[in-house]
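One structure below.
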Ligand code: FSX
Ligand code: SF4
Ligand code: F3S
């Protein structure tokens, strides 16, 4: 952000008021906007527009529905360690109906929902958490005497935008696991269209916050993939951002929980990690604001693919992931470079060019996947790339 713009924004009345409201410094808030803009890949200047929008624009009315789920989506947002996150989320939106957070209950709560829908017709944001049971005329989930199917359709009819939060609302999630006795379906399936969704069980609260701030700033939701997931958060495979990726490429795998490879932080592919077939930004954004490695793979557990339809809660946890769009490197750097004997970049490039067909890469990958977790003996001389490829 340009220095002048920062100074201008720091003295903006809206930001001064926001500072008092949230107890967060203006600088801290502007840094958060910069981080959100960068995460979403927005052009320079977007962070200033976002900060101004949060500070000055009328907060969009939000109706938040709960169906078949564990309330983990809401919990993950409100129990975030970062002192400002939940305050910010609640400050950016005007939460006019939310069954978990509402003090009102019964008829009062339902009246509040209908009043908010009427007052903000065509403009409110409908957030759907949880899957919708569709079997047996939807009788497995009723609120105020109305089935989840009817309530969703009624609320979506006059909404400015509908967002599905969590895997349950995005693609059925855990409630839709075989044999799916209630016919649990996604919000999009019930509404008959692709809607923007933030999958994850639970989803990352920053992805939700960034999506809502984008809506507030630009009046539209961010660009999505064909499944409705914002590209800024679900545009890349987990495997591509994983800190254990170098171990995968070099063929170093944990084979059992607690074995030497596992203790050394090797790749979890052979324990069933679904990172190679799951799109999400977990390794980049992390969870809970507790620092490095605070995501499933970082803590030593394989990714179960919770953001991915057909993977999470569908594919057995121990089953091997399909390797999608993965092109392994054609050569590995030496661990100990001998003075004057190292391969030059030109030589490596030549080797790569000779070996360079995709088939060569695939063969290398197949070889590495066949390797055991046996750690390299640190006392023995380091193997050179050619030796490793042959072993
Ligand atoms: Fe739970 Fe939300 Fe999982 Fe589902 O998150 S964390 S079961 S995605 O709908 O509450
Ligand atoms: Fe990381 Fe899993 Fe990929 Fe291994 S398979 S690099 S642990 S995402
Ligand atoms: Fe879910 Fe895998 Fe991320 S299990 S939270 S998609 S690392």
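In the numbering used here, the protein residues as written are 595 to 985.
For each residue, glycine too, the CB sits at the ideal point set by N, CA and C.
DSSP, reduced to helix, strand and coil, places residue 828 within a helical segment of the structure shown. If you compare the alpha carbons of 607, 660, 820 and 776 with that of residue 732, the shortest gap goes to 776. The three-state reading of DSSP puts residue 714 in coil, since its state is none of H, G, I, E or B. Taking the CA atoms as reference points, residue 848 sits about 5 Å from residue 856.
Across the set 890, 832 and 850, the C-alpha of 832 shows the shortest separation from the C-alpha of residue 920.
Unbroken alpha helix (DSSP H) runs of no fewer than 4 residues, entirely contained in the stretch 840-923, are found at 854-857 and 876-879, following chain order.
When the beta-carbon positions are compared, residue 691 and residue 713 stay at least 7 Å from each other.
In the DSSP assignment, residue 727 is bridged to 778.
Distances between the C-beta of residue 664 and the heavy atoms of ligand 3 are all 6 Å or more. In the DSSP assignment, residue 743 falls within the unbroken alpha helix (DSSP H) covering 742-751.
A contact is defined here as three or more CB-CB pairs under 8 Å, and the stretch 797-805 meets this definition with respect to the stretch 681-691. In this structure the stretch 892-905 lies against the stretch 868-876, because at least three pairs of beta carbons, one per stretch, are closer than 8 Å. Contact between residue 866 and residue 914 is confirmed by a C-beta separation of about 7 Å, below the 8 Å threshold. A buried status is given to residue 723, since no fewer than 16 other beta-carbon atoms sit within 10 Å of its beta-carbon. Relative to ligand 3, residue 913 has its C-beta separated by 6 Å or more from all heavy atoms. In this model, residue 834 and residue 842 are separated by some 11 Å (Cα to Cα). In the structure shown, residue 734 adopts coil according to DSSP, grouped into three states. Secondary structure at residue 656: strand, using DSSP grouped into helix, strand and coil.
Annotation for residue 839 indicates a beta carbon within 6 Å of some heavy atom of ligand 2. Partner residues in the beta bridge of residue 691, as assigned by DSSP, are 657. When the Cα atoms are used, residue 864 and residue 792 turn out to be separated by approximately 28 Å. Beta-bridge analysis with DSSP links residue 662 to 725. Taking every protein chain shown into account, the CB of residue 702 has fewer than 16 other CB atoms within 10 angstroms, so this residue is exposed. DSSP places residue 756 in the uninterrupted beta strand (DSSP E) bounded by 755-759.
Looking at the backbone, the Cα of residue 780 and that of residue 636 are separated by about 29 Å. Counting every other CB atom within 10 Å of its CB across the protein chains shown gives residue 837 a total below 16, marking it as exposed. A distance below 7 Å between beta-carbons, with the five flanking residues on each side excluded, links residue 889 to the following residues of its chain, in chain order: 876, 877, 880 and 881. Boundaries of the alpha helix (DSSP H) around residue 808: 799-812. Among the bridge pairs identified by DSSP, residue 818 is matched with 824. The alpha-carbon of residue 608 is positioned some 15 Å away from that of residue 811.
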